[in-house]
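**Q** Residue numbers (the working numbering): 13 to 327. Note that CB positions come from ideal geometry on N, CA and C, so glycine has one too. Pasting a structure here, questions to come.
What follows is the structure, given as structure tokens:
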């Protein structure tokens, strides 16, 4: 459907894009290939384990683990949308991606990244309800409400991504097809346009404020209430337990939002290619790898169940 909306002279004249990646640093290609392969493998193993543990253990059929499974599935798909293409290009002399492949990569990666922003905000609300409204928690976070929250995050993000994908890919490029990036993303593609892109830049900035800053503000507000509630707990053990339930989520929020904000909350005209590549690599490959590690180490339930699964498989 998207490719039908994007039909124009650009596709017929340019059947593919060249992803320059780190071609200006060829000595790093093999190193990056190895690092990304390790990162991608760990991402697949870690997030798949969390999904399996959360689904197979009835004790973990709670809102927190429902959203954690959603986050792990997001990270799996997000990394897979860009990782294999990166690995292929690092070991190839012709670093190309088809026009349709670029459209698909841009749309999927942008959709999943936006969904993760909203999902992290939903998880913050879940922690708020659990700590600040413990007696009403079950009623507030009903199974139906959790499904509605998750579905809203997915649908809004994929709808928003479709608009940006169409607007970006329909820009005339006057024969330019060399993307100075590791994968197809909005700031790098806007650089190829041979017309004024100020309107597109304004749309990207406005969308970034809504998708990034509004959920981040909600998260910070939620943790403000959580912090006040935790300080009222009389026992030190209770305060530590409450803190532990939030620490892993806060760490993931800082990792993801920090890199995403530095990437998208700036005009693409001032976009630094070298810095952008490092930031892109971090939030597409490193953060999804670290998420399951952070949640497993900080969460005794997930850690215990994971160790039990490993023990059973070894026997």
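1) Where residue 88 and residue 75 are concerned, what is the direct C-alpha to C-alpha distance, given to the nearest angstrom?
2) Span of the beta strand (DSSP E) holding residue 29?
3) Kindly provide the ranges of any alpha helix (DSSP H) runs that are 4 or more residues long and lie completely inside the stretch 220-280, ordered along the chain.
4) Could you give the first and the last residue of the continuous alpha helix (DSSP H) run that contains residue 93?
5) With distances taken Cα to Cα, identify the nearest neighbour of residue 162 among 86, 253 and 199.
6) Output needed for residue 141: all residues of its chain with C-beta closer than 6 Å, excluding positions within five of it in sequence on either side, in chain order.
7) So what does DSSP say about residue 190, is it helix, strand or coil?
8) Does the stretch 187-205 come into contact with the stretch 224-237, if we say contact requires no fewer than three beta-carbon pairs (one atom in each stretch) closer than 8 Å?
9) Assign residue 27 to buried or exposed, taking buried as 16 or more other Cβ atoms, counted over all protein chains shown, within 10 Å of its Cβ.
10) Tell me where the alpha helix (DSSP H) around residue 126 begins and ends.
11) Could you give the DSSP three-state label for residue 108: helix, strand or coil?
12) Let me confirm a value: residue 207 is counted as buried when at least 16 other C-beta atoms fall within 10 Å, else exposed. Which label applies?
13) Does the separation of the CB atoms of residue 260 and residue 306 fall below 8 Å?
14) From the DSSP output, in three-state form, read off residue 164 for me.
15) For residue 243, which residues in the same chain have their Cβ closer than 6 Å to its Cβ, ignoring the five residues on either side in sequence?
16) Less than 6 Å between C-beta atoms, sequence neighbours within five positions excluded: which residues of the same chain meet that for residue 62?
17) Taking DSSP as the reference, what is the three-state secondary structure of residue 289?
18) Report the three-state DSSP secondary structure of residue 170 (helix, strand or coil).
19) Among 264, 176 and 143, which residue has its Cα nearest to the Cα of residue 250?
20) Could you spell out where the alpha helix (DSSP H) holding residue 65 opens and where it closes?
21) Around the Cβ of residue 114, are there at least 16 other Cβ atoms within 10 angstroms (buried) or fewer (exposed)?
22) Roughly how many angstroms lie between the CA atoms of residue 170 and residue 120, to the nearest whole one?
23) Alpha helix (DSSP H) containing residue 199: first to last residue?
24) Would DSSP call residue 184 helix, strand or coil?
25) Could you give the DSSP three-state label for residue 205: helix, strand or coil?
26) Among 265, 302 and 246, which one has its Cα closest to the Cα of residue 133?
27) Whole-angstrom Cβ separation of residue 126 and residue 173, contact assumed at under 8 Å?
28) Could you compute how far the alpha carbon of residue 41 sits from the alpha carbon of residue 95?
29) Taking the Cβ atom as the reference point for each residue, do residue 30 and residue 108 lie within a distance shorter than 8 Å?
30) Return the first residue and the last residue of the alpha helix (DSSP H) that residue 149 is part of.
31) Please name the residue, chosen from 72, 252 and 195, that lies closest to residue 100 on a Cα-to-Cα basis.
**A** Looking at the atomic coordinates:
1) Residue mapping note: residue 88 aligns to position 76 of the chain shown, counting from 1. Residue mapping note: residue 75 aligns to position 63 of the chain shown, counting from 1. Going from the Cα of residue 88 to the Cα of residue 75 covers about 20 Å.
2) Stepping through the chain shown from its first residue, residue 29 is reached at position 17. Residue 29 -> beta strand (DSSP E) spans 28-31.
3) 226-243 and 248-276
4) In the chain shown, residue 93 corresponds to position 81, counting from 1. Looking at the DSSP string, the run of the alpha helix (DSSP H) that includes residue 93 is 75-102.
5) In the chain shown, residue 162 corresponds to position 150, counting from 1. Ranking the options by Cα distance to residue 162, first place goes to 86.
6) Locating residue 141 in the chain shown gives position 129, where the first residue counts as 1. So the qualifying residues of the chain are 149, 152 and 153.
7) By one-based count along the chain shown, residue 190 stands at place 178. Here residue 190 sits in strand by DSSP.
8) no
9) Along the chain shown, read from residue 1 onward, the residue named residue 27 stands at position 15. Per the 10 Å Cβ criterion, exposed.
10) If you number the chain shown from 1, residue 126 lands on position 114. Per DSSP, residue 126 belongs to the alpha helix (DSSP H) from 111-144.
11) Position 96 of the chain shown holds residue 108. Residue 108: strand per DSSP, three-state reduction.
12) As a position in the chain shown, residue 207 is number 195, starting the count at 1. Exposed, because fewer than 16 other Cβ atoms sit within 10 Å of the Cβ of residue 207.
13) If you number the chain shown from 1, residue 260 lands on position 248. If you number the chain shown from 1, residue 306 lands on position 294. Closer than 8 Å, so yes.
14) Locating residue 164 in the chain shown gives position 152, where the first residue counts as 1. Three-state result, residue 164: helix.
15) In the chain shown, counting from the first residue as 1, residue 243 sits at position 231. Around residue 243: no qualifying Cβ.
16) Taking the chain shown and counting its residues from 1, the one referred to as residue 62 is at position 50. Around residue 62: 84 and 304.
17) Within the chain shown, the letter at position 277 stands for residue 289. DSSP places residue 289 in helix when its eight states are reduced to three.
18) Working through the chain shown from its first residue, we reach residue 170 at position 158. DSSP places residue 170 in helix when its eight states are reduced to three.
19) The sequence position of residue 250 within the chain shown is 238, counting from 1. Answer by Cα proximity: 143.
20) Against the chain shown, residue 65 aligns to sequence position 53. Segment 41-68, the alpha helix (DSSP H) holding residue 65.
21) Working through the chain shown from its first residue, we reach residue 114 at position 102. Buried, by the Cβ-count rule.
22) The residue given as residue 170 occupies position 158 in the chain shown. The residue given as residue 120 occupies position 108 in the chain shown. C-alpha separation (whole angstroms): 8 Å.
23) If you number the chain shown from 1, residue 199 lands on position 187. Residue 199 -> alpha helix (DSSP H) spans 198-202.
24) Counting from one through the chain shown, the residue named residue 184 turns up at place 172. Secondary structure at residue 184: coil, using DSSP grouped into helix, strand and coil.
25) Locating residue 205 in the chain shown gives position 193, counting from the first residue. Residue state, collapsed to three classes: coil.
26) Counting from 1 along the chain shown, the entry for residue 133 is found at position 121. Per the Cα distances, 265.
27) Mapped onto the chain shown, residue 126 falls at position 114. Mapped onto the chain shown, residue 173 falls at position 161. The Cβ separation is near 6 Å, so the contact holds.
28) Position 29 of the chain shown, counted from the start, is the residue given in the question as residue 41. Position 83 of the chain shown, counted from the start, is the residue given in the question as residue 95. Rounded to the nearest whole angstrom, the C-alpha separation of residue 41 and residue 95 is 14 Å.
29) Working through the chain shown from its first residue, we reach residue 30 at position 18. Working through the chain shown from its first residue, we reach residue 108 at position 96. Cβ distance < 8 Å, so residue 30 and residue 108 count as in contact.
30) Locating residue 149 in the chain shown gives position 137, counting from the first residue. Start and end: 149-152.
31) Translated into the one-based positions of the chain shown, residue 100 becomes position 88. It is 195.
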